[in-house]
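The structure appears right after this line, and notes come after that.
Chains as they are written, first to last, in this note's numbering: chain A, 12 to 457; chain B, 86 to 304; chain C, 2 to 134; chain D, 7 to 365.
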């Protein structure tokens, strides 16, 4: 929001109202103030600050709901029980709705009244963004850029196409870009583009290995959707619809989401609603696709025995229902998997999700949240931590370095790509292992 | 018209009608909002989603073992309170009688001694929960008038019930009238405060179970 | 009479015996008599029987025929009397422990003596042969 | 009940009784029984006996208003005179329409004479409620309304005995719709000592107790807030009931002839009003201690409580409540739905119809 809105609170109120349907209303009516959600939230658990109680974070949304939408709205207004929302209150709540919430859904998992608090925070962010109150240092700014250019780093289609071909050449992987017809259309995460380009080569290698017709689409490629985590509902729809249009244009039957938590939540569970009808293709996360083809035998992998543990991305496992796929893959690879204490659906969030990694001032809070994950990883005694979300990977990387880990942090996707039993024609030189790859210098990527 | 006759007669009728109207009002106000259809491909068929809803209604009563250490005290006090209430309400002879009069259903009751013990335990849990709500930083931040009023409106029927079973403080008629008035106060406030969770807990958990089953997500 | 007791029979009987002892001390020291209304207390038949057995029987048993029959029996403890009154139909209408040198009801009443005296005089023509001096 | 209206005037009771063969021992025995019944300390018995011996016959004027003669019938107990019926030798019942031989003008003359002879000293006993509607026309004696008779004769009475629930609280004639505007004596007369002896009919020993107390001590016994003698109405039937242990164990008869009823279980679920009824039936019992309603297998109907006829069915338990009825509940639900729908509609009007991403 380049120019702040005239009446931020009014914008927020309108946005809140437009988001409230029966499910949200039922949630806002049900809280019995039992305080259990705080006990599941890494920010309260690590700081002991009652302000970080999850249900407390959505007070502005609840206040507007009771005053304008609830069954007894007239009474709340008449008796002054829910005052008009003020910009001061919204501003005061900014760090609660953004900095101290990864929308990881642990609170939703414990709430005895079945309130999806994480979802309420997402709705709250819509209102905050409409009021121009998304934290500007990075998250707000990146969302604005993404809304305007389709990629949070302003990567144009041409630049993306050239990047793909560079990576293809570098990794000696045939890249399919903007082909007229492709059954499978993969997408990328802007973090991969910036930090882990190897994952794009890995996707290509695997799709070639499967032998299906596939192709990147430069007219709709960036699935990260910073707009979602910033709360820019319109920006979010611009991105998703461009990807949908691109996939349709490519005749895709399967849209593959990259290693990114919120990308999956965005495309798998929310894009169709914005599209207005069922999507003409299925949406899968890359680990689901790999697990599917391992099961069908299309993907053959070598054994890669190692002492590892696996970090579940909240949006994939707890929120997305794809907890099993990574285990299938790791088992196929013969990895000695030491599950963390609260692994799988009840896993602690690494602290980097939900856009907080893009909020500079939230760093200290993030470090506190990461401390839990750090202890749990160290407790497993594993040498390497795999994950299939670049956001988590980045957080584990930074956190690990800060903690002086001698462990490495790896991507499950790249691990698979490195251990494919090559059906590719004999005689071709074995490409260099991808895990050590850095972004090519001077490729114009910030 | 004695106090007791008033309590059992017009006052009970008024309280019942207010409760029924209030509950329907609140539920209608929630469920009749504009519904946005979800188009994302569901991982489970409709019937399994319903089953997911029903399952969550039950499973959310017991916190996951991962959460148990941090919520043990609050949850176990909550169990004592709610199990105590159920024993009092559905195994106490006079209560079964009231239910019988309204629905015609009846079943054997437990001796009064057991009910008095259950009431004492329930009261103790209630007092402990209030102490917790007044001291725990999170609960102090979250709690509003409704929490304390609803607490009182549960405390009064139980304490007047215990006095009634003792029949020493005052005549049976007076104590029973007070007991019924306290229940009526609860019934009148129920639809407008947190006591509405008697209905919302099923709707809330069911809705989450249903929606999450669509995603195959954990509940 | 009830057929149940809140307290065990012997506890109640011990309590009653203690009270009787108190009344006896009053009688012995200050010649003040007292009574315990057994019907007024929630005692079971068994409890009364036990009390009666603990008190035993003494030297005097008096039966009174007035507005029904009554039995005033001295217990084995001197000055402690067990009075049981029945109406014309035989129903026990009062039952007491009287602690007195002699229960009030056994004494003849001066008014009655005066009336009886006149009656005796009327009946015997006032003793013509013993005109007093 | 002797019809002696003009006893040898100044003779005291002791002499009178002696003349009839009742020695002082009978009087003392009577006093022992009555002190026990009145829950007075036994040491008062000799005092009561002496007072009675020296007392004069107490004049009692009995006026019958809107009544069924049930109270008189039970108090006479012609069935078997008991020791406490001796009391009727201590009072001089100077006027009682059902019992006296004379009637009409002669009876009225007797009444005037009795009132004149005992001005300020007689006890006014009343059974039956006092209709006040339409000037009290619904119950007349010799063309004169009960209301005016009550007001006149209450004036010079020493104290008033309201005998039976009708005289005390209006009783059955006062039951809804109360066509005659019946009320209790206490609703008309104030500033005069009144003792209510409710019951339909009242327990006979209670009247004897009150009369003995009055004759012995010259005043009415201690009364509760409803002007009832505390000795007899201080506790409820429930407190004194021999079936109470079953109530505490939760053993209730479910129908009048089921296994529980045959074993004498508590009749709470069959509508017994014992817990809310103050009276001495459970301890003094009826018909010379034979039994009382609960002992004979029927719940207490609370006949000694005000408006007992309007407290709902005798067979609806105290714990029960008159349900609202499904029709009213339906209406309430409809009102609720309408309100909720209205609230939802007004909320929808505020929600712009841009397609949303989530329900």
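Built from N, CA and C at the ideal position, the CB exists for glycine as well.
{"Asked": "Within 9 Å of chain A by C-beta, residues of the segment 242–272 of chain D in sequence order", "Found": "none"}
{"Asked": "Inside the segment 324–354 of chain D only - alpha helix (DSSP H) runs reaching at least 4 residues", "Found": "none"}
{"Asked": "Beta-carbon gap between residue 263 of chain A and residue 305 of chain A smaller than 7 Å", "Found": "no"}
{"Asked": "Touch test, the segment 149–161 of chain D against the segment 230–241 of chain D, Cβ-Cβ under 8 Å, three pairs minimum", "Found": "no"}
{"Asked": "Segment limits, alpha helix (DSSP H) that includes residue 131 of chain D", "Found": "Note, residue 131 of chain D: premise wrong, no alpha helix (DSSP H); beta strand (DSSP E) at 129–133."}
{"Asked": "Contact with chain D by residue 106 of chain B, beta-carbon distance below 7 Å", "Found": "yes"}
{"Asked": "Exposed unless 16 or more other CB atoms sit within 10 angstroms - verdict on residue 169 of chain A", "Found": "exposed"}
{"Asked": "7 Å Cβ cutoff, residue 300 of chain B in contact with chain D", "Found": "no"}
{"Asked": "Under 9 Å by beta carbon: chain D residues contacting residue 90 of chain B", "Found": "313, 316, 317 and 318"}
{"Asked": "C-beta atoms of residue 14 of chain C and residue 52 of chain C nearer than 7 Å", "Found": "yes"}
{"Asked": "Beta-carbon proximity of residue 246 of chain D to residue 288 of chain D, cut-off 7 Å", "Found": "yes"}
{"Asked": "Partner residues on chain A for residue 356 of chain D, Cβ-Cβ distance less than 9 Å", "Found": "25, 28, 29, 79 and 80"}
{"Asked": "Helix, strand or coil at residue 311 of chain A [DSSP, three-state]", "Found": "coil"}
{"Asked": "Residue from A:20, A:288 and A:403 with nearest C-alpha to residue 124 of chain B", "Found": "A:288"}
{"Asked": "Expected contact under 8 Å - CB spacing of residue 204 of chain D and residue 170 of chain D to nearest Å", "Found": "7 Å"}
{"Asked": "Proximity test, Cβ basis, 7 Å: residue 41 of chain C and chain D", "Found": "yes"}
{"Asked": "Bridge-paired residues (DSSP) for residue 292 of chain D", "Found": "D:297"}
{"Asked": "Proximal residues, the segment 208–226 of chain B versus chain A, C-beta separation under 9 Å", "Found": "217, 218, 221, 222, 223, 224, 225 and 226"}
{"Asked": "Beta-carbon proximity list for residue 79 of chain A, same chain, < 6 Å, skipping 5 on both sides", "Found": "28"}
{"Asked": "Beta-carbon proximity of residue 244 of chain A to residue 137 of chain A, cut-off 7 Å", "Found": "yes"}
{"Asked": "Secondary structure of residue 242 of chain A, DSSP reduced to three states", "Found": "coil"}
{"Asked": "For residue 216 of chain D, the nearest candidate out of D:263, D:81, D:106 and D:322 (CA to CA)", "Found": "D:81"}
{"Asked": "Burial state of residue 288 of chain B (16 or more Cβ within 10 Å)", "Found": "buried"}
{"Asked": "Meets three-Cβ-pair contact criterion under 8 Å: the segment 166–184 of chain B and the segment 16–33 of chain C", "Found": "no"}
{"Asked": "Given 8 Å, three or more beta-carbon pairs between the segment 274–282 of chain B and the segment 37–44 of chain A", "Found": "yes"}
{"Asked": "Three-way DSSP call (helix, strand, coil) for residue 151 of chain A in this model", "Found": "helix"}
{"Asked": "Given 8 Å, three or more beta-carbon pairs between the segment 289–296 of chain A and the segment 229–242 of chain A", "Found": "no"}
{"Asked": "Beta-bridge pairing of residue 233 of chain A - partner residues as DSSP gives them", "Found": "A:199"}
{"Asked": "Chain B within 7 Å of residue 46 of chain A, Cβ atoms only", "Found": "yes"}
{"Asked": "Coil, strand or helix - residue 70 of chain C by DSSP", "Found": "strand"}
{"Asked": "Reduced DSSP secondary structure (H/G/I, E/B, other) of residue 99 of chain C", "Found": "strand"}
{"Asked": "Minimum C-alpha distance to residue 139 of chain A - residue among A:210, A:72 and A:392", "Found": "A:72"}
{"Asked": "Backbone CA spacing between residue 271 of chain D and residue 264 of chain D [nearest angstrom]", "Found": "10 Å"}
{"Asked": "Helix, strand or coil at residue 80 of chain D [DSSP, three-state]", "Found": "helix"}
{"Asked": "Residue 141 of chain B versus residue 310 of chain D: straight-line alpha-carbon distance, rounded", "Found": "56 Å"}
{"Asked": "Simplified DSSP assignment, three categories, for residue 267 of chain B", "Found": "helix"}
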